[in-house]
Structures are given as structure tokens and as C-alpha cells.
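A.B. asks: Residue numbers (the numbering used here): 1343 to 1984. For glycine and all other residues, C-beta sits at the position ideal for the given N, C-alpha and C. Nothing here was measured: the structure is a model prediction, and the numbers come from that model.
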Ligand code: ADP
Ligand code: ZN
Ligand code: MG
């Protein structure tokens, strides 16, 4: 049960919490699997040994006779030929049977036989050939007993260490940077500016860095100092990481990347040593780019943490600052960083000589969205009916990453239906999927729930259609998707970068429309609208504390109040709370008025929803007109450039 409209600059506090990879001691020591592997290895060894001796017994057939018998047979003239091969003797008898024997390797055959009493005359009747051992055979026979076990032991160590590494060997590689490196020669990983649509200003800014990395001498000769640090700021999925990689790709320099959250480890000091290591590596490879993704994970304002636990982060941050300060002016290493929370960064990071260049990347506007869609449609065959412009128009607030996944979902839909081309309908369906999660057709509502959801969504849709500053309704559905039982899609007239107080107020009223309708009809409240209430409260709070939209408190931006960081008093906090409540109460009152006044229309929308489950804009507008409400004008064709 949610109203879906393009993302507003609500509280963009969606930040990645540092994912500390902690491991238990069991796996750290290798755990039970370590001993399992040892047993396997020993078993393999035993099997190999038995196979070896088995084969050996084949190679040496058991018709070996003692030397004394050989001597006797020679004396009796039974043997016609003896072939000497090292210490082994191949005997061929006059009756063509063959036998083998062995002699002392240090003594010659005639001497040996002489000691057994064979006379030279008797020996002369036997033809003796001495076959030299081939060099390879000799070395193999002498070295194999030493080398083979050695190889085997090395193999065991390699095998075990590989297993252990998977589990917890990291403890042994503590201070290594763990950075991923993208080699400029690796064309499969290479990203260039042509892979990025929109973000024109950002690209322009970064072109300078590319120039410098390509021909640093030109800049250094004239005494120009190139910024050491560039920080990319923008909402998640706007292509910050991609842009940083593209700078490396364009300049053809190695790209060392690490994520801020990876610095935060369980042992204090590890992060700092990783930083040192990373900078060292990059300097060796200069010209190069160091990229610290999600720098807010380490770069938050220092000294505000309550209690301990932040030492590690602070040390890591300090080390980054120290390394950047220690750069020689001739160093050809550029540090780039990305964050979606520039507001929480430590000011020390942004000081001149550190990350003093700031590049902001906005969510793409309609034209950029179309370009991004085109980029991601490159390898996907599209049916000629596909109009990416229309898709771009219907996806305000989508980030580059969301557009990418929209295209991908479209292709998946086509593939699942065994089609070779992606159609417009595939893409349209994907918009909602990306926005709200997959449809949950199996999630069947009871009759009562269905009615409730229908009235809830009808409430949103009706209030949105009546209030002047709310966005027009595009689609209503009571098919559950993701966590929502139903949804009302709204589309603004144009991409908005700024929002007015009136828009916020109407938006809050429309979002409360669902709650109000439920309460009015069923005289009860369900858990359904809880998300609506969260959204409403967040907007109202931002209006008061961030945008100065409260008459009473005036144009003051109040920061966040946390334990240990209290930029304003209890009293002001209470005033803010009171203003938030007042805004919400007034919006609710307006929603009640609208729904009371247009009760017949509400019933009609809900009835249609129960019957059809999904209503598109044209059907919805017919219901409005039938009830004497003029739909908001929205000339789609005008804004679509085909
Ligand atoms: P961020 O680091 O800002 O969260 P990413 O750089 O990881 O975002 O972007 C994720 C993906 O979204 C990229 O790999 C790319 O496929 C797509 N994307 C984002 N912005 C753009 C853009 N401007 N042009 C083309 N693709 C984009
Ligand atoms: Zn709702
Ligand atoms: Mg990123």
C-alpha cells in the first residue's frame, strides 16, 4: 500500500553500513574442514602408494632368479644371451625362455660370474651386450625417490593453504591493501566516457584529470598543480564508481580501488596499514588512480562517536589524510573518492590539498535517461516498436543503475517467453518491477483485504487527483508487489529538481489518503499504511528541520540530533516535533475533506479496482469524468520526443 512517485529529496540517508566481515574462531583456525582435508590427503597418499607398487609388480615379472643360478646355467651352456642394463640382467636361454636377475651394480658381469666359478671359456659361449642406461632413466631412478615425496609434500601444503585462505587466512595478510587493480591493458574491464550517458558537467571536470594522467609532464613543466583529491558525490546508482573507472580507462592508467567499508576491520590499525600499502602500490605504478568508494564509511566527522569503537575508523581516516599530505607535487597519483552522504564527511577531508575538487552527479533527467537506456540496449535486440523515449519519460527519479536493471529485466522477460527481441511492453512491465519489486500473484488477498486495499489505493488516487499540487495518477493496482499490498503510480508533469512547500503539503495529504479512506470506511486502522506514515513523517520533518518551511520556526536548518551531537536544545526539539505533528494533522484534515466530498467517486474507483485489480490512467480518468472531476491535463505526446 504505497503511493509511488518520483523520489524527492527526502532523507537520503540510505547509506551502506560498513559490512564488517567478522569470522568466528572456528573457521579462522580452519575449522573441522581442516582435519577433514588432512585425512583426505593421507588417504590419497596411501592409495597412490598402493597403485605404484601394484604397477611396479607388473613391470618386474617374478621370473627373477638368483645370481648363483645364472652362474650355474652359464657354466652348463644353457644361456645364449645376457643383456646387462645397469644392475639388471635379462637372460635369454637356448630354449628361448627369458628370465631376469640382478648383480652388484659396482662390479662387472664377468668378474661377478668368475667369483661364482664360471671359467672364461664357458663365459665366451654367451653373447653379452651391455646396454647403457639412458640419461633420463638414470636421473629418474636416482632422483624420483627424493623429488616425488618432496613434490607431494609441497602439493599438500599448497592444497591446505588454499583451503585455509578461503576461511580465515586473511589474518596473515593483515596489512595488505586488498585493493582491486584494473590494469589498463585489460580491455574487458575497460570503461570509457562513451559508456556513460549524461553527467556532462562531471565528465567535463574529469577530463582535466584524464589530461593530466595522460601527459603529466605538460602540466608539471609549467608548474601547475593538479588536484590530489576529487570527490564524487551523488545518489546511489548515479554512476560514481563507473565514472571513476572511466577516468582510468580514458587515461590508460592502473586503477586501484577499495571500498571504505573494507578498511573497517576487526583489528585496530589494520585499516591504516592497508591505506599505507595501497598508496605505496599506487605510487609504484604511477601515473595511477586510487579510488576509495563509499568513503563516508571511514570519513565521517571524527570525535562525535559515543564510547569507543571509532578508533579504527579515525586511524584509517588519519592515515588517508597523512598519505595525501605526503604527496610530492610531482606525484602522478590522483585520489578519487565517492560518497552518497557528503553531509557527514569530516571537514578535514575537504580541505584544500586533499579532496578539494567536488564533482556532483545528479539523477539523470529525461534526456539522459533515454541516453542511458540506449547504452544498456546496445547488446539487446529491440523490436522496432520500442520507444526508449517513452520509457525514459515514465521513469523520473530512476538512477542509472535502476535504468540498467530495467533494461535487464526487460531482456529477462523476453527470454523467458522465448522471444528473440525485447518489446516495449517488456520494458513497461519492468518499470514497475524495478520500482516496487516483483508481482506477487500468489499473494492472495481475502475478500475483506481486497476491499480494504482497493479503498486504500482509491483514497491515494482520489486525493492526488483533487489537490492541485499533487502529481497526476498514472496507474492503480491492488496486485501486491514487493512489500506493498497495492500501489498507486503517479507521474509528475516534468522532472523536478526542486519541490515547493505546497507540493510537499499536497503530497503528504495524498499519501495519507489511503489511511483516511480505510479509517472512514471500516472505522478501523490496519498495519497496511505503516510505510505511508513513515514517508509522511520523514517529509514533514525535513520540511521543518531542513528546508525552513515552517512559519513558526523560520528558515533555520537544524541538523540531526544525536547522542553526543546536540546542535539545538530540548526545547527546540520539542518545537520541531510539534510542527511536524501540526503539518501532518492539517494534511489529514484536507484528505478527509476531499474524501467526504467525493465519496461517490471513491466508491466507483474502489469497485473498479476490486473487479479489475489494475486500472490504467485512461480508465481512471473516465471514472473521474463520470463523477464530475476534471482530470489533470497531461499531454504526453507533447513531451515525448521520438
Ligand atoms: P554508484 O557508484 O554511483 O552507486 P555505479 O557506478 O555503481 O553507481 O553504477 C551502477 C551501474 O549503473 C553501472 O555499472 C552502470 O551500468 C549503470 N549506470 C549508472 N549511471 C550510468 C550512466 N550515467 N550511464 C550509463 N550507465 C550508468
Ligand atoms: Zn498506501
Ligand atoms: Mg558505487
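#1: According to DSSP, simplified to helix, strand and coil, what is residue 1721?
#2: Does the beta-carbon of residue 1582 have 16 or more other beta-carbons within 10 angstroms, so that it is buried, or is it exposed?
#3: Can you tell me the Cα-Cα spacing of residue 1750 and residue 1874, whole angstroms?
#4: Flag residue 1704 as yes when its Cβ comes closer than 7 Å to any non-hydrogen atom of the ligand MG, and as no otherwise.
#5: As a quick check of your reading: which residues have a C-beta less than 6 Å from at least one non-hydrogen atom of the ligand ADP, in chain order?
#6: List the DSSP bridge partners of residue 1687.
#7: If I'm right that residue 1687 touches residue 1641 with Cβ under 8 Å, what's the distance once you round it to whole angstroms?
#8: Does the stretch 1723-1734 come close enough to the stretch 1683-1698 that 3 or more CB-CB pairs lie under 8 Å?
#9: Under 7 Å: does the beta carbon of residue 1816 sit that close to some heavy atom of the ligand ZN?
#10: CB of residue 1635 to nearest heavy atom of the ligand MG: below 7 Å?
#11: For residue 1965 and residue 1755, I'd like the C-alpha separation in whole angstroms.
#12: Report the residue from 1551, 1580, 1557, 1577 whose alpha carbon sits nearest the alpha carbon of residue 1570.
#13: DSSP beta-bridge partners for residue 1473?
#14: What are the start and end residues of the alpha helix (DSSP H) that includes residue 1561?
#15: Helix, strand or coil, according to DSSP, for residue 1575 in the structure here?
#16: Measuring straight from C-alpha to C-alpha, what distance separates residue 1389 and residue 1503?
#17: Tell me the rounded alpha-carbon separation between residue 1769 and residue 1742.
#18: Give me whichever residues DSSP pairs with residue 1630 in a beta bridge.
#19: Which class does residue 1482 belong to by DSSP, given the choice of helix, strand or coil?
#20: By the DSSP assignment, the alpha helix (DSSP H) with residue 1850 in it spans what residues?
#21: Which one of 1850, 1622, 1439 has the shortest CA to CA distance from residue 1406?
#22: Please list, in chain order, all residues of the same chain as residue 1676 whose beta carbon is under 6 Å from its beta carbon, the five residues on each side excluded.
#23: Hey, is residue 1856 close to the ligand ZN, as in C-beta under 7 Å from one of its heavy atoms?
#24: Which residue marks the beginning of the beta strand (DSSP E) containing residue 1746, and which one marks its end?
#25: Hey, residue 1997 and residue 1810: beta-carbon distance below 8 Å or not?
#26: Quick one: is residue 1931 buried, meaning 16 or more other Cβ sit within 10 Å of its Cβ, or exposed?
#27: Less than 7 Å between the CB of residue 1526 and some heavy atom of the ligand ZN, yes or no?
#28: What separation, rounded to the nearest whole angstrom, lies between the Cα atoms of residue 1765 and residue 1752?
#29: With 16 as the cutoff for other CB atoms within 10 Å, does residue 1970 come out buried or exposed?
#30: DSSP three-state call for residue 1445: helix, strand or coil?
#31: For the 8 Å Cβ check, are there 3 or more pairs between the stretch 1873-1889 and the stretch 1845-1864?
C.D. replies: Quick answer:
#1: Note: residue 1721 maps to coil in three-state DSSP.
#2: It counts as buried.
#3: Each residue's Cα considered, the two are about 29 Å apart.
#4: Residue 1704 Cβ: outside cutoff for every heavy atom of the ligand MG.
#5: Shown in chain order are the residues whose CB sits closer than 6 Å to a heavy atom of the ligand ADP: 1538, 1539, 1540, 1541, 1576, 1578, 1579, 1580, 1581, 1582, 1583, 1584, 1680, 1714, 1717, 1742, 1743, 1746.
#6: For residue 1687, which the question treats as bridged, DSSP gives the partners 1642.
#7: Between residue 1641 and residue 1687 the Cβ distance is about 5 Å, and since that is below 8 Å, they are a contact.
#8: Counting C-beta pairs with one atom in each stretch, the stretch 1683-1698 and the stretch 1723-1734 have fewer than three that are closer than 8 Å, which means they do not touch.
#9: Not so, every heavy atom of the ligand ZN lies at least 7 Å from the Cβ.
#10: For the ligand MG, a non-hydrogen atom lies closer than 7 Å to the CB of residue 1635.
#11: Going from the Cα of residue 1965 to the Cα of residue 1755 covers about 32 Å.
#12: Of the listed residues, the one whose Cα sits closest to residue 1570 is 1551.
#13: Partner(s): 1427.
#14: Element bounds for residue 1561: 1558-1563.
#15: In the three-state reduction of the DSSP assignment, residue 1575 falls in the strand class.
#16: About 22 Å.
#17: Going from the Cα of residue 1769 to the Cα of residue 1742 covers about 15 Å.
#18: According to DSSP, residue 1630 bridges with 1675.
#19: DSSP places residue 1482 in the helix class (H, G or I) of the three-state scheme.
#20: Residue 1850 -> alpha helix (DSSP H) spans 1843-1864.
#21: Ranking 1850, 1622, 1439 by Cα distance to residue 1406 puts 1439 first.
#22: Apart from sequence neighbours up to five positions away, the residues of its chain that approach residue 1676 with a beta-carbon distance below 6 Å are 1551, 1631, ordered along the chain.
#23: Relative to the ligand ZN, the beta carbon of residue 1856 is positioned inside 7 Å of a heavy atom.
#24: It is not in any beta strand (DSSP E) - residue 1746 instead sits in the alpha helix (DSSP H) that spans 1742-1758.
#25: There is no way to answer for residue 1997, as the model of the chain reaches only from 1343 to 1984.
#26: Result: exposed.
#27: Exclusion of residue 1526 from the 7 Å shell around the ligand ZN follows from its C-beta lying no nearer than that to any non-hydrogen atom of the ligand.
#28: Whole-angstrom Cα-Cα distance: 8 Å.
#29: By the 10 Å Cβ count, residue 1970 comes out exposed.
#30: DSSP places residue 1445 outside both helix and strand once states are collapsed to three, so it counts as coil.
#31: Yes, the stretch 1873-1889 touches the stretch 1845-1864.
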